[in-house]
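Q: Residue numbers (this note's numbering), protein chains in the order written: chain A, 186 to 453; chain B, -18 to 111.
Built from N, CA and C at the ideal position, the CB exists for glycine as well.
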Amino acid sequence: MSKTIELNICSNCSNTLSGYGNLCPRCGHTIPTENAAEAKTEQAVIPRHTGYSYYMSSSIGGIDDDVKQIFLSLPPEKLSLVFRLYGQRYGGGAQSYAQSTYYSWRSGRVRMSGMVAGRLLNLVPPVLDPPQRFELVKKVRSAHLRKERKYISCHPTDWRHTVGPIVAQFIAASQNVQIPPYVLDRVCWLADGDAAAAQRLLAAAEQEEAAVRLHFLEAEFKRIDFMLQNIEATKRVSHTIELPQGTITVSIAVPRKGFWSCLGSLLS
Amino acid sequence: MSDPNRNNSGDQSELPATVSQPGNLLDAALAHLPAEQRQALAQKALERKLDIDAKAVEADNRHRASSVDMANTIHQVRALEDSTKSDYTVRAEYETASGRTNVEIKKSNNTVIIVIAIVIAIIVLITFSK
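Listed below in structure tokens is the structure:
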């Protein structure tokens, strides 16, 4: 269920016009199709079916609702650009339906169909400002960031050897978050340079946040060791490290008293 | 009682370098972007940076507060040790910079168990001696 389309590069802002015909969603510049020097084309495959399911909605972090809300409150110039893109991609009939139904969608008298919402998912974000698009990328990314949960056990003096590699693994997980190809196929703009840059920035922010949280880890384990040395009756100590990438629960091994020392302390 | 929080610049070789030197990852990521994208994302990067700075301050506050709370727990347990010979259980949770620490301190003399064990032993001895 796919068709082959042309990818044009806007000569005005170098934006990739994947599936938008010859109208740039970012700057509104129209590339004359007959001008071969201005429009560099290549082949790409995009899905023919643009509707989406609940599963699809959750795999994009629910941004379909955000896009719908943003669309219904777009300023006039951006709205007309979206309608022009809509017409170019889905035909004049679909465009006039969308334009005539817009205020009914807005007032809630008519419920937007999944097909239209799916189409807007590809048409609205490219016309938005980078900060707004960043927030959408952030939501999609967090839907694919699997928060891990690990339980480990160690002695307070050798925690670094046990906890260290797991912490490193957690931090590295931020760099390995990938939006699956089926999502990129459906939501083409997520593969654009801006979206990829936003993802890199978000990964760095997660790593930075993890570093901030872990800055006192050394001191925290020393503190636990200090407590174990100073309070003989300590039975259980556990430390939970909460990071943006997941949670590590460390059970600290408490040195147990032997039978004879127990008996000795009882008799004394 | 020495302060366990001091001298925390020990060997962190097993931890990632980012942990020992936080504060420049976001800047580095932004610097590696092409100029156009850097300009487009500068505002969001700044917002994230401010957010992380605020989280760093919060982490620092949590660390200080939990240090005080932990020291208080140690004092209270010592006071309890000095004032009573009976059993006690102290459970504490501390919100720390990296997460939370749970501690259970339990003093149990097992007097009842020992008495029962002695009674059973006597019964067994009497039974076998007949």
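Counting along the chain, where does the beta strand (DSSP E) carrying Thr419 (chain A) start and finish?
A: Looking at the DSSP string, the run of the beta strand (DSSP E) that includes Thr419 (chain A) is Thr419 to Leu428.
Q: Looking at C-alpha atoms only, which residue of A:Ile356, A:Cys339 and A:Leu305 is the closest neighbour of Leu428 (chain A)?
A: Of A:Ile356, A:Cys339 and A:Leu305, the residue nearest in Cα terms is A:Ile356.
Q: Are there three or more Cβ pairs, one per stretch, closer than 8 Å when the segment 264 to 278 of chain A is compared with the segment 316 to 334 of chain A?
A: No: fewer than three Cβ pairs fall under 8 Å.
Q: Could you tell me which uninterrupted alpha helix (DSSP H) segments, each at least 4 residues in length, are contained entirely in the segment 269 to 328 of chain A, listed from first to last along the chain?
A: Fully enclosed alpha helix (DSSP H) runs of 4 or longer: 277 to 292 and 299 to 308.
Q: In chain B, which residues lie with their C-beta within 7 Å of the C-beta of Val397 (chain A)?
A: Per Cβ cutoff of 7 Å: Pro3, Ile33, Lys36, Ala37 and Ala40.
Q: Can you give, in chain order, each stretch of the alpha helix (DSSP H) that sits fully within the segment 62 to 108 of chain B and has at least 4 residues?
A: Listed in chain order, nothing qualifies, since the segment 62 to 108 of chain B has no complete alpha helix (DSSP H) run of 4 or more residues.
Q: Which chain A residues sit within Cβ distance under 9 Å of Asn83 (chain B)?
A: Within chain A, the residues near Asn83 (chain B) are Arg421, Val422, Ser423, His424 and Thr425.
Q: Return no unless some Cβ of chain A is closer than 8 Å to the Cβ of Ala26 (chain B).
A: Closer than 8 Å to some Cβ of chain A, the Cβ of Ala26 (chain B) qualifies, so yes.
Q: Please tell me whether His329 (chain A) has its Cβ less than 8 Å away from any Cβ of chain B.
A: No, because no Cβ of chain B sits closer than 8 Å to the Cβ of His329 (chain A).
Q: Anything in the segment 56 to 85 of chain B with a Cβ closer than 7 Å to a Cβ of chain A? List those residues in chain order, please.
A: So the list reads Val58, Thr77, Ala78, Ser79, Gly80, Arg81, Thr82, Asn83, Val84 and Glu85, given in the order they occur along the chain.
Q: Please list the partners that Ala46 (chain B) has in chain A, where partner means a Cβ-to-Cβ separation under 9 Å.
A: The premise fails here: Ala46 (chain B) is roughly 12 Å from chain A at the closest Cβ pair, so nothing lies under 9 Å.
Q: Are any of the Cβ atoms in chain B nearer than 8 Å to that of Pro310 (chain A)?
A: By this cut-off, Pro310 (chain A) is not an interface position.
Q: How many whole angstroms separate the CB atoms of Ala40 (chain B) and Phe411 (chain A), which I take to be in contact at a CB cut-off of 8 Å?
A: That belief does not hold up - the Cβ atoms of Ala40 (chain B) and Phe411 (chain A) are roughly 20 Å apart, past 8 Å.
Q: Are the C-beta of Arg269 (chain A) and some C-beta of chain B separated by less than 8 Å?
A: So, not an interface residue.
Q: State the Cα-Cα distance for the pair Val312 (chain A) and Leu266 (chain A), rounded to the nearest angstrom.
A: Going from the Cα of Val312 (chain A) to the Cα of Leu266 (chain A) covers about 8 Å.
Q: Which value, in whole angstroms, describes the spacing of the CA atoms of His234 (chain A) and Arg371 (chain A)?
A: Here His234 (chain A) scores only 44 on pLDDT, less than 50, and its place in the model is too uncertain to base an answer on.
Q: Could you please tell me which residues of the segment 316 to 341 of chain A, in chain order, have their CB closer than 7 Å to any CB of chain B?
A: Those would be Pro316 and Phe319, in chain order.
Q: Does any CB atom of chain B fall closer than 8 Å to the CB of Ile255 (chain A)?
A: No, its Cβ sits nowhere closer than 8 Å to a Cβ of chain B.
Q: Just the Cα atoms here: how many angstroms apart are Glu417 (chain A) and Val58 (chain B)?
A: If I take the Cα positions, the gap works out to 10 Å.
Q: Given a threshold of 16 other Cβ atoms within 10 Å of its Cβ, counted over all protein chains shown, does Ile248 (chain A) qualify as buried or as exposed?
A: Answer is buried; the Cβ neighbour count reaches 16.
Q: DSSP puts Ser265 (chain A) in a beta bridge; with which residues?
A: Answer is none; Ser265 (chain A) lacks a bridge partner.
Q: Start and end of the alpha helix (DSSP H) containing Thr347 (chain A)?
A: First-last of the alpha helix (DSSP H) with Thr347 (chain A): Trp344 to Ala358.
Q: Within this structure, are the beta carbons of Asn83 (chain B) and Ser423 (chain A) separated by less than 8 Å?
A: Yes, they are a contact pair.
Q: Are the C-beta atoms of Lys88 (chain B) and some chain A residue less than 8 Å apart?
A: Yes, because at least one Cβ of chain A sits closer than 8 Å to the Cβ of Lys88 (chain B).
Q: Answer yes or no: does any C-beta atom of chain B fall closer than 8 Å to that of Leu402 (chain A)?
A: Yes, because at least one Cβ of chain B sits closer than 8 Å to the Cβ of Leu402 (chain A).
Q: Are the C-beta of Ala12 (chain B) and some C-beta of chain A separated by less than 8 Å?
A: It does not: the Cβ of Ala12 (chain B) has no partner Cβ on chain A nearer than 8 Å.
Q: Runs of 3 residues minimum, wholly inside the segment 362 to 439 of chain A: which ones carry the beta strand (DSSP E) assignment?
A: Taking only runs of at least 3 residues, the beta strand (DSSP E) segments lying wholly in the segment 362 to 439 of chain A are 419 to 428 and 431 to 437.
Q: Quick check: what's the CA-CA separation for Asp251 (chain A) versus Ser327 (chain A)?
A: Rounded to the nearest angstrom, the two C-alpha atoms are 15 Å apart.
Q: Between which two residues does the alpha helix (DSSP H) harbouring Ile248 (chain A) extend?
A: That run of the alpha helix (DSSP H) goes Ile248 to Leu257.
Q: In this structure, how does DSSP classify Lys25 (chain B) when only helix, strand and coil are distinguished?
A: In the structure shown, Lys25 (chain B) sits in a helix (DSSP, three-state: H, G or I).
Q: Does Ala102 (chain B) get closer than 8 Å to chain A when you measure Cβ to Cβ?
A: Not an interface residue.
Q: Would you kindly work out how many angstroms separate the C-alpha atoms of Thr70 (chain B) and Ser89 (chain B), rounded to a whole number?
A: The alpha-carbon atoms of Thr70 (chain B) and Ser89 (chain B) are separated by roughly 8 Å.
Q: By a C-beta neighbour count over all protein chains shown, 10 Å radius and 16 as the cutoff for buried, is Ser110 (chain B) buried or exposed?
A: Ser110 (chain B) is exposed by the Cβ-count criterion.
Q: With H, G and I counted as helix, E and B as strand and the rest as coil, what does DSSP make of Lys335 (chain A)?
A: Of the three classes helix, strand and coil, the one that applies to Lys335 (chain A) here is strand, per DSSP.
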